[in-house]
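Trainee: For reference, the structure I am asking about is given below.
Below, the structure is given as structure tokens:
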């Protein structure tokens, strides 16, 4: 199974909602998908730098 299964729904929801303050719906969906994907790779709260999320967006979601 997935490593970081706990909290992924919360992660997806709040990362989308928070990014909507400054981003379009489409950009916010990409941000949420990338952040949630990275969250699933580790246990506990998300703790990677946002630059890692931005890198994944450029590599996989653009």
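In my numbering, the protein residues as written are 105 to 166. Quick reminder that beta carbons are idealized off the backbone N, C-alpha and C, glycines included.
Rounded to whole angstroms, how far is the Cβ of residue 112 from the Cβ of residue 144, which I believe are closer than 8 Å?
Mentor: About 6 Å; that satisfies the 8 Å criterion.
Trainee: On the criterion of 16 or more Cβ atoms from any shown chain inside 10 Å, does residue 134 qualify as buried, or is it exposed?
Mentor: Residue 134 should be labelled buried.
Trainee: Just to confirm the assignment, what range does the alpha helix (DSSP H) spanning residue 164 have?
Mentor: Segment: none, residue 164 is in no alpha helix (DSSP H) and carries neither H nor E.
Trainee: Whose C-alpha, out of 153, 137, 116, is nearest the C-alpha of residue 161?
Mentor: Of 153, 137, 116, the residue nearest in Cα terms is 137.
Trainee: Note down the Cα distance separating residue 129 from residue 157, rounded to an integer number of angstroms.
Mentor: Residue 129 and residue 157: Cα-Cα distance of roughly 17 Å.
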